[in-house]
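Colleague: Please find one structure pasted underneath; my questions will follow.
Numbering (the UniProt record's numbering), first residue to last: 1 to 279.
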């Protein structure tokens, strides 16, 4: 996310003629940073660049989230979306996702992610719910420890951003069985989507949105949207995002708001059915 924020900040700096500074405020799954913007003056000068977890999932996953995205923030643009890649140990006697699910119904299997509550974890939960099987989640403290754990054969499968997993797939150290995008990814066209394994409704992309505090004047929102659209449509800028394994979205304020509302409801149901809760 930090890399995407800096790409956008550099591009916007040239467009608006003044510095656009990235200030990282990590913690609590993105709650601290998003809350700071939700409570900032609505003048269009303090914005949030946040992902699916902080914007849509935390509403239901984290008790007493101090903001309501639908009430306290105004979307400007959804910039890009990156699917999750599901890989399994090459030593497992399976060649595809259907085979992995069948094996999980026969014996206990585990999957690792970068931590609880993020897009990788929720992808696994949604897959289990839609396919009707179980596997044990093993949360690591970040993507790098998760990859190390997978390569050390601590877990049977791993769900992460394709950027960190694809090198290991190409080296034969991991077997890619599915990607969670609605259609096959241009970055890995050889990898089938989850629906091709006969499991519908598992479309998960870690999307990134630019948001302003609620109450920001509509003309300022429109101005920021137009600048963002023109900037993100530049091929050299779009390529910086797609090189991360995702796709450009570039949806405007109204479409972004409707999409985020739907995502909040979608993940609330997944959290409820999975009995999930962040401490």
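Ideal Cβ positions, reconstructed from N, Cα and C, are used throughout, including at glycine.
Run through the DSSP bridge pairs and tell me what residue 78 is partnered with.
Modeller: Position 78 of the chain shown, counted from the start, is the residue given in the question as residue 78. According to DSSP, residue 78 bridges with 209, 251.
Colleague: Can you find the residues in the same chain that come closer than 6 Å, C-beta to C-beta, to residue 90, ignoring five residues on each side of it along the sequence?
Modeller: Counting from one through the chain shown, the residue named residue 90 turns up at place 90. Here the set comprises 175.
Colleague: May I ask you to report which of helix, strand or coil DSSP gives residue 92?
Modeller: Numbered from 1 along the chain shown, position 92 holds the residue referred to as residue 92. Coil at residue 92, not helix or strand.
Colleague: Under 8 Å between the Cβ atoms of residue 125 and residue 276?
Modeller: Within the chain shown, residue 125 is the residue found at index 125, counting from 1. Within the chain shown, residue 276 is the residue found at index 276, counting from 1. Their beta carbons are under 8 Å apart, which means residue 125 touches residue 276 by this criterion.
Colleague: If you follow the beta strand (DSSP E) that residue 20 is part of, which residue opens it and which one closes it?
Modeller: Here residue 20 is taken as the residue at index 20 of the chain shown, counted from 1. Counting along the chain, residue 20 falls outside any beta strand (DSSP E), and DSSP gives it neither H nor E.
Colleague: Would you list the one or two residues that DSSP bridges to residue 178?
Modeller: What you label residue 178 is simply residue 178 of the chain shown in a count that begins at 1. Paired residue(s): 86.
Colleague: Please state if the CB of residue 201 and the CB of residue 82 are separated by a distance shorter than 8 Å.
Modeller: Here residue 82 corresponds to residue number 82 of the chain shown, with the count starting at 1. Here residue 201 corresponds to residue number 201 of the chain shown, with the count starting at 1. In this structure, residue 201 does not lie closer than 8 Å to residue 82 by Cβ.
Colleague: Could you give the DSSP three-state label for residue 48: helix, strand or coil?
Modeller: The residue you call residue 48 lines up with position 48 of the chain shown. Here residue 48 sits in strand by DSSP.
Colleague: Let me make sure I understand the geometry here. Which of 112, 198, 69 has the alpha-carbon closest to that of residue 132?
Modeller: Position 132 of the chain shown, counted from the start, is the residue given in the question as residue 132. Out of 112, 198, 69, 198 has the C-alpha closest to the C-alpha of residue 132.
Colleague: For a quick check, are the C-beta atoms of residue 120 and residue 113 less than 8 Å apart?
Modeller: Taking the first residue of the chain shown as position 1, residue 120 is located at position 120. Taking the first residue of the chain shown as position 1, residue 113 is located at position 113. Their beta carbons are under 8 Å apart, which means residue 120 touches residue 113 by this criterion.
Colleague: Determine the burial state of residue 136: buried for a count of at least 16 other Cβ atoms within 10 Å of its Cβ, exposed for fewer.
Modeller: Your numbering for residue 136 matches position 136 in the chain shown. By the 10 Å Cβ count, residue 136 comes out exposed.
Colleague: For residue 256, which residues of its own chain have a beta-carbon under 8 Å away from its beta-carbon, when the five flanking residues on both sides are left out?
Modeller: Stepping through the chain shown from its first residue, residue 256 is reached at position 256. 75, 76, 77, 78, 209, listed in sequence order.
Colleague: Which residues bound the alpha helix (DSSP H) around residue 124?
Modeller: As a working note, residue 124 is residue 124 in the chain shown. Where residue 124 is concerned, the enclosing alpha helix (DSSP H) stretches over 119-131.
Colleague: What is the DSSP secondary structure of residue 216, reduced to helix, strand or coil?
Modeller: As a working note, residue 216 is residue 216 in the chain shown. Three-state result, residue 216: coil.
Colleague: Would you kindly work out how many angstroms separate the C-alpha atoms of residue 160 and residue 25, rounded to a whole number?
Modeller: Counted from its first residue, the chain shown places residue 160 at position 160. Counted from its first residue, the chain shown places residue 25 at position 25. So the alpha carbons of these two residues sit roughly 23 Å apart.
Colleague: Looking at the structure shown, is residue 112 part of a helix, part of a strand, or coil, going by DSSP?
Modeller: Position 112 of the chain shown, counted from the first residue, corresponds to residue 112. Residue 112 falls in the strand class under three-state DSSP.
Colleague: So residue 180 packs on residue 84, CB below 8 Å; how close in whole Å?
Modeller: Taking the first residue of the chain shown as 1, we reach residue 180 at position 180. Taking the first residue of the chain shown as 1, we reach residue 84 at position 84. Their Cβ separation, rounded to whole angstroms, is 4 Å, which keeps residue 180 and residue 84 in contact under 8 Å.
Colleague: Is residue 18 closer than 8 Å to residue 264 when the C-beta atoms are compared?
Modeller: Counted from its first residue, the chain shown places residue 264 at position 264. Counted from its first residue, the chain shown places residue 18 at position 18. No, Cβ-Cβ distance for residue 264 and residue 18 is not below 8 Å.
Colleague: What are the residues that DSSP puts in a beta bridge with residue 147?
Modeller: As a position in the chain shown, residue 147 is number 147, starting the count at 1. Per DSSP, none; premise fails for residue 147.
Colleague: With distances taken Cα to Cα, identify the nearest neighbour of residue 253 among 227, 178, 270.
Modeller: Mapped onto the chain shown, residue 253 falls at position 253. Of the candidates 227, 178, 270, the one whose C-alpha sits nearest the C-alpha of residue 253 is 227.
Colleague: Given this structure, state the Cα-to-Cα distance separating residue 108 from residue 211, to the nearest angstrom.
Modeller: Within the chain shown, the letter at position 108 stands for residue 108. Within the chain shown, the letter at position 211 stands for residue 211. Computed Cα separation, rounded: 42 Å.
Colleague: Under 8 Å: do the segment 211-226 and the segment 38-49 share three or more Cβ pairs, one atom per stretch?
Modeller: Output reads yes: the segment 38-49 touches the segment 211-226.
Colleague: In three-state terms, what does DSSP make of residue 231?
Modeller: By one-based count along the chain shown, residue 231 stands at place 231. Of the three classes helix, strand and coil, the one that applies to residue 231 here is helix, per DSSP.
Colleague: Check whether the Cβ atoms of residue 35 and residue 63 lie closer than 8 Å to each other.
Modeller: Taking the first residue of the chain shown as position 1, residue 35 is located at position 35. Taking the first residue of the chain shown as position 1, residue 63 is located at position 63. Going by C-beta atoms, residue 35 is not nearer than 8 Å to residue 63.
Colleague: Do you know offhand how far residue 207's Cα is from residue 195's?
Modeller: For the purposes of this step, residue 207 is taken as residue 207 along the chain shown, with counting starting at 1. For the purposes of this step, residue 195 is taken as residue 195 along the chain shown, with counting starting at 1. In a straight line, the C-alpha of residue 207 is about 20 Å away from that of residue 195.
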